[in-house]
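Comments concern the structure below.
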Amino acid sequence: MADVQTTNQSILVVGGGMSGITAALEAAEAGYDVVLVEKNPYLGGRVTQLYQYFPKLCPPNCGLEINFRRMRQNPKIRFFTMAEVAGISGQEGDYDVTIKLSPRYVNEKCTCCGKCAEVCEVEIDNPFNYGMDKIKAAYLPHEFAFPMRYVLDPCLVGTDEGKKCLEACEYGAVDLDMEEATFDLRVGAIVWAAGWDPYDAAKVDYYGYGEYENVITNVMMERLASPNGPTEGKIVRPSDGKEVKNIAFIQCAGSRDENYLPYCSGICCLASLKQTTYVRELYPDCDVTVFFIDIRALDRLEDFYTKVQEDEKVTFIKSKIANITEDEDTGDLLLEGENTRTGEQILMNFDLVVLATGMVPNGIQVDGAPEVPCDEYGFLVNDPEKTGIYGVGCVRRPTDVASSVQDATAGALKAIQSIARR
Amino acid sequence: MDKKTAVYICTGCGIGDALDIEQLKEEGTEDFTIDITRDHPFLCGQEGVDLIKQDIEGEGINTVIIAACSHRVNYDLFNFGQGVIVQRVNLREQVAWSQPAGEEDTQMLAEDNLRIGCSQAKDTELPEPFKAEEEYSKDILVVGGGLAGMTAALETARAGYQAILVEREDRLGGFLGKMKKLITLPYKEVSEPGAEELIKAIEDEPKVKVYTSSTVEKISGGPGLYTVEIKSNGNGVSERVGAVVQATGWVPYDANKLGHLGYGKFKDVVTNVEMEEMAASGKITRPSDGSDAKNVLFIQCAGSRDPEHLPYCSSACCLVSMKQAGYVKEQNPEAVNYILYKDVRTVGQAEDFYRKAQNDGNIFIRGEAANVGEEGGKLFVEADDELLGERVKIEDLDLVVLAVGMVPASKPDTTPRIKAPADAEDADEDGMIEVVPDSGFFANSALNLDYRQGPELPTLKYGFPDSHFICFPYETRRTGVYSAGCIRRPMETAKAIDDAVGAAMKAIQCTEATAEGKAVHPRAGDTTYPEFNMQRCTQCKRCTEECPFGAINEDEEANPLPNPTRCRRCGVCMGACPERIISFKNYSVGMIGNMIKSVHVPEEDEEKPRVLCLICENDALPAVDMAGIKRMKWSPYVRFIPMRCLGSMNLVWIADSLSRGIDGILLLGCRHGDDYQCHFIKGSELAETRLSKVSETLDRLALESERVKFVEVGITDYHKIPAIIDEFMETIDEVGPNPYKGW
Amino acid sequence: MKYFLYWGCSLEGTGANFLVSLKPVCEALGMEFEEIEDWNCCGASVSYAGANDLAIKVLNARNLAIAEGAAGHDIVAPCSSCYVQMIKVNHEIQEDPELLRQVNECLAEGGLSYGGGIKVRHIQDVLYNDVGVDKIKARVTKPLNGLKVAGYVGCQSVRPFGEYDSVNKPVVQDRLLEALGAEAVPFPRKIRCCGSGIFLPEIDYCMGLVKDILEDALNHGAQLISTVCPMCAMNLEMYQGRINEAYGTEFDLPVVYLSQLMAVAFGMDLKKDAALNYNVIPPEGILKAAVG
Amino acid sequence: MENMVNYDPSFAEEVFRDVDAGDEIKMCMNCGVCAGSCPLREHMDYPPRQIFGLIRAGKREEVLSSKAIMLCTSCYTCVVKCPRNIPVMDVMHGLAHYALKQGYVPRKDTASFGKEFWKQVYRLGRIDEKDLPRRVFFSGGLVEGIKAMLNFMDIGLRLMLHHRMKLLPERKIKGVKSLQKMLDKAEGLGKGGAAA
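Chains as they are written, first to last, in this note's numbering: chain X, 1 to 422; chain R, 1001 to 1743; chain U, 2001 to 2292; chain C, 3001 to 3196.
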């Protein structure tokens, strides 16, 4: 199927999030051939699911749109969605890579008219909203999806519903016979930018995530605040849809904890500070309490921390919350802990609790791939002796968007060096 | 080129059902010379695309007008190569999906859109990339020979490009050279600083040319064409480079301002920099009597995170103090270190080093120092121990180390003053005014750019020449000049190294793009550039003042001297020029003027108002697309005219439109102010400022000021688009039709 | 399935109903027990007042050493306190060779030595993972039709290593109760401490803990509380009168051992096997009603 | 200024050296999860992590006489939740043991209960549940003892009536002599410091 001519002068970028897109563009705009593969049906990665960036409180799509525009006009970049690396062999300057394409069941004829979704009655958990709502099994992942093309969920294959979608499409874009396909690439260097997954909050079982409806994670909060999220931007309680009046943020929910993630996830402090502004913007009367161990607002991000501290409705308590129990009748949550400034016991009720869960890196899980060193937490280590495959962004260390982009830009040059060495 | 133009109307995606296609073909094109007009039910399908290709090959069509979906989709299918002009006309998101089908107003909207497109295509020329007479250089100048600078130079060379490294001191190394040990990824243990190895690698690298004891006296020209004058050991040298990396680093915050922490008062109160140098030189002793230091207390955030001193966090100090505590224990295992902190900020895997520091027995106290004093020749520190809830006193201290923060080398001690522009209010009696950080005249001398807008990179409020953009951290206000390392932001070693490599990447990329006459970010790849018709220039200086990137210099007579390789193609100069002498091959005052004129304005009695919407194509226009995709509805009386940046909006368009009977003009642009989102820094702000001057025009025409309105729209504000438009339409209804209709 | 059963001191006294009921039940499930020859007390948690950490470790190591020297089966501890004492020592010994050396240096005084090869397990672990819910279900002849039971895990029976169940949100006991046909009611305080070994000397402080636990069980509709620890059983059952005096409550909630419920569900003799007559707050009524 | 705490590292060194698990407190980052999860927290004069803070500060008197170090119910909740894997419970036990050795009595009843408990373990190798309380009660003197005894008589009787009091006195285990040798060795070999 996909017939892609590449040479050992080409660069493969794995992961179409902010880091991957950046690495790909920076190399391509310097004149190098780049192939970008992304496992989601759209580019943009984790940031597309964010409402705003700290500290500017600006929409991630703003920067993504510019990057997509850069891509549109640049013939040096070819990208594939629903694509993953299935195999890597060779060495610096000469890799053979096998790419696996999962079936989208929609081909390039799709005009995005939406007819398939109109007729489809099957619904699935909306992956874009972390399953907080349902979406038609024939769907556009989100409004800003790039490429702007529908996807059919595999559950439609061989069903009447699937047939309905097929028949509804006037352009012959629905193809339920599509099968998994692979193709091979020859490249000189590989940039690994597969990004991160949120840590599974259920593992910190005493916080009751997955057990208590009103305990959510920070990534879910981003969707709740987003106008294109499950609640169209209203921050409400999952249990009863009530507006939030008294919300708690629990920092280091898993991070900096040798029972879970011993490292600090780097971004959660600012993410929660940012999310306090979502809440306060929406509900002028809402009380916010942030439970923290240390607030880690580096460089001028400190200004943002200072700004949030000035809001008298936001309280900061240095305490690692020790337990959460739910009031079965009200769905409210009782938090227990120690206020380490006063030494007093904390027994506080909240109607919504946001767990600042950390980052887990998506390392290189490819059988037979050349060994790339990584630390005990799974973060890739760029060893100057082992060049050719370079980790960038959050696969190297948990870090914010700006730093990821800096790192990805650096990764682009490293890849170019691998080629130059030939 | 003489144009052969074809119009292709797609009737798919509901367009055919919404419109009378035959009438559209007729009405939408009649004012223009169109050679072929076709429609197709599925234009983006193979058959449709082939149809176009056949016309190009068979009929010699070289200008293709595609009236179908948004330009944001199917861009690849409708790309017919260099020689063919492609003009997209939006009949889907902006018409079929957002307007009721089969209505007269919908039809009129489609016809206007097509006319606008035809007009634009008519005035569009194929761009010819700018090519300078001189030969382009792809060499990279790196200013500053510390860790970041050396890294940038070496990595540049390893990518096959020539680097020129200029260092003020007589040897390379900067702070790295003064360090005893380094703490960096993976943060398990301290490591050798490796300054010598790095310097050696640079000396052995033929592609790095090093100038020590040297300063940059002047950088003139532009990307690809810079001439650098270097003063090296007193002699003048000249180099040609394509781009510049500024890695001039940081200076420690002046501890003399920290008298309350005993600095200057007690000999044994030292800064972390002095501590590092002492450790590197062999022994950690008490300056007062030269005896070995045993008990040491580190005061974190000495000056940092303090509104009186440095409001920001200096990022590296936590790790540095833990590292230095290690020195003390290494010298004497019995030694006791206290670390007095506000928050421990060991981010990411650096948490491991915090754990190590604790495991080594260092005592961390959360609280602020209240008093530093001396008793019997030993220091003591009083602090409020937040977690003990008590005032504590730590006595018998040999040394108190102030973890002072980082100040960018670019930050001047006292804010410079320059001659105030005529219209400035807050000028002093000598007509001088304080320079704002966001200006090329603010920062300390390092680059000496020969730019009309000042010799240095404009900075953010604390004097760091960092990017204001989160997504584009290498974006600077001076094309081809990139900052790296602690000059741009306080950062620890690991990040400074990555940053330097990234900056080298951007610099190399800039030279490559420039050599091909292409723009760099954000209009990367754009091969158009502004051309000045100098005969009509009145030396009003607006273009040279308003260019967000300082691209335009001035000669003695104040004539603008454009530097195309510095240009970012935003068109702000074009919008600023009252004489309309600045134009791009595919974007000019005349072209937009004609597009506006191509809109048919119905007679007053038809009661069909016409509103023009000058809209930012980067954010607001995609938002309108989204609104369409969401099938939102809005008034059919609005006509969208995309702008490269709202900053390219020229007031003449407002005047012309109003005098033609257009009832109102809506401007949709990016958020501005402190957290501006405009990709060209000041574009949307400039547009609004210009609007304030439009009132004269309105008064002259005796028109209501409500007829012109500016609204900030973010790319994700699509759900607000209908409300914004309909609200404005209500205002227009209230003020009534424009009396100039039909003139 | 052969094990060493280390029942410890309490099961010969205040926890007698545990041991009496445990033996027939486990036999019925095909488990065989041996006693650890001349076993000694585990030291429980309060020994620290009189002994240092090493002494307490040695105390437990002696039992481990004897077991290892004999057949070397897994040791099953029904008493949570015995379990936690032994498993903790065992882990620490296995992770720290220096400690093992020290311990053996002490054991040598009595001519013993320990190689760290014995596995220590709680009775819940064995019932859930070795016997299994299905086998238990199969043996049930008189299901406890929907009897509402609050499964009180206590704390030590799953800690500190969480080897067979979550240390914070345990489920094993609930699964076992369900296997008997009972309804395990939601019971957030199932893992909150009852005061354990210091209940007696700190009774004024600890009564409050038990009160909260009993309240939580009742609020969730429990008809009785099941437990797997003699200290929990003692504290929860014997002091209800005191608590009623102190707090004006009216607790009269039977507290039985999981093994007693199993004996009942297995259709065994309510006195001889289930030892229900050992309970001070009589559970017979409720249980008879349940099994019908 | 008054009640100013003077930092003195010597006590911390003492704790690291002589107290079982004492050196583990170095890793504390004052998150407070230990106190937050402690069943008897509300009755403690200092939360555990503050005990650690006082140790670092050198407040020997406050720490060794703090009732907090003897209110541990050994529920392990702090142990399983501590993000730095500090065995908080062991530290508290170690401190209590050390305090008693040093002649402090943070909690009278618990102290005598624990001491009697251990004495019996040492004497018999097992615990005699009916003998132990008696010894505990009377450790405070005769009158005290009788009061306490009567106080718990009802419970004792009920247990007896329900076959939950072993009537025969607990016999020594066979190997008690060798056990004692082992324990004596351990007492000398282990941490915990010499008696004051």
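Backbone N, C-alpha and C define an ideal beta-carbon position, used for all residues, glycine too.
Within the continuous alpha helix (DSSP H) that includes G1282(R), where are the two ends?
Here G1282(R) belongs to no alpha helix (DSSP H), and DSSP marks it neither H nor E.
Going along the chain, which residues of the stretch 1335-1365 of chain R sit with their C-beta nearer than 9 angstroms to a C-beta in chain C?
V1336, Y1338, V1344, Y1354, R1355, Q1358, N1359, D1360, G1361, N1362, I1363, F1364, I1365
What are the boundary residues of the beta strand (DSSP E) that includes G254(X)?
254-261
Output the residue ranges of the beta strand (DSSP E) runs that lie fully inside the stretch 2137-2181 of chain U and measure 3 residues or longer, sorted by chain position.
2148-2152
Could you work out which residue in L25(X), A173(X), I216(X) is closest to G131(X) when comparing CA atoms only?
I216(X)
Distance cutoff 9 angstroms, beta carbons only. Does R3126(C) sit that close to anything in chain U?
yes
Reference Y278(X), options C169(X), S226(X), R69(X), closest by Cα:
S226(X)
Assuming S1692(R) is part of the alpha helix (DSSP H), what are its boundary residues?
1683-1692
Is it buried or exposed for R300(X), if we count other Cβ within 10 angstroms and need 16 for buried?
buried
Report back the beta-carbon spacing between F1298(R) and I1183(R) to the nearest angstrom; my notes put them in contact at under 8 angstroms.
With 8 angstroms as the limit, F1298(R) and I1183(R) do not qualify as a contact, their Cβ atoms being about 14 angstroms apart.
Buried or exposed, going by whether 16 or more other CB atoms sit within 10 Å of the CB of R3107(C)?
buried
Would you list the residues sitting across from C1616(R) in a DSSP beta bridge?
M1643(R)
Name the one or two DSSP bridge partners that L1449(R) has.
I1219(R)
Looking at C-beta atoms only, is the number of pairs between the stretch 83-103 of chain X and the stretch 170-185 of chain X that lie closer than 8 angstroms three or more?
yes
C-alpha distance - Y2257(U) paired with M3027(C), whole-angstrom precision:
40 angstroms
Chain C partners of N259(X), CB-CB under 9 angstroms?
V3080, K3081, C3082, P3083, N3085
Got a sec: is the Cβ-Cβ distance from D1388(R) to anything in chain C below 9 angstroms?
Checking the displayed sequence, the identity of residue 1388(R) turns out to be Leu instead of Asp. True, the Cβ-Cβ gap to chain C drops below 9 angstroms.
Run of the beta strand (DSSP E) containing F183(X), from where it starts to where it stops
181-187
Please list the partners that P340(X) has in chain C, where partner means a Cβ-to-Cβ separation under 9 angstroms.
Looking at the sequence provided, one finds Thr at residue 340(X) rather than Pro. Near T340(X) (Cβ distances below 9 angstroms), the residues of chain C are N3030, C3031, G3032, A3035, P3047, R3049, Q3050.
C58(X) in three-state terms, based on DSSP
strand
Could you give the distance in angstroms between the alpha-carbon of C155(X) and the alpha-carbon of A137(X)?
8 angstroms
Give a yes or no on whether the C-beta atoms belonging to F1728(R) and K1741(R) are separated by under 9 angstroms.
no
What residues from chain C crowd round P2160(U), counting only those whose CB sits closer than 7 angstroms?
Y3076, V3079, V3080
Quick one, which residues of the stretch 304-321 of chain X are near chain C if we go by CB-CB under 7 angstroms, in chain order?
S319, K320, I321
Should G2117(U) be listed as close to the ligand FMN, given that the test is whether its C-beta is under 8 angstroms from any heavy atom?
No copy of the ligand FMN occurs in the structure displayed, which carries no ligand at all.
If you compare alpha carbons, which of G1045(R), C1069(R), L1126(R), S1098(R) is closest to K1003(R)?
L1126(R)
Below-9 angstroms beta-carbon distance, R2121(U) vs any chain C residue
no
Contacts of T325(X) in chain U (Cβ-Cβ under 7 angstroms):
P2188
DSSP-derived helix/strand/coil call for T1227(R)
strand
With a threshold of 8 angstroms, are at least 3 pairs of Cβ atoms found where one atom belongs to the stretch 1227-1245 of chain R and the other to the stretch 1147-1165 of chain R?
yes
Does any residue of chain C have a CB that is nearer than 9 angstroms to the CB of C264(X)?
no
In angstroms, rounded to a whole number, what distance separates the CA positions of L2176(U) and V2133(U)?
6 angstroms
7 angstroms CB neighbourhood of K3081(C) in its chain, flanking five on each side removed:
V3033, S3037
Span of the beta strand (DSSP E) around W1250(R):
1250-1252
Since N2145(U) meets chain C, which of its residues come closer than 9 angstroms, beta carbon to beta carbon?
Simply none; closest approach about 27 angstroms.
Residues in the same chain with beta-carbon distance under 6 angstroms from F1469(R), minus the five sequence neighbours each way, listed in chain order, please.
E1475
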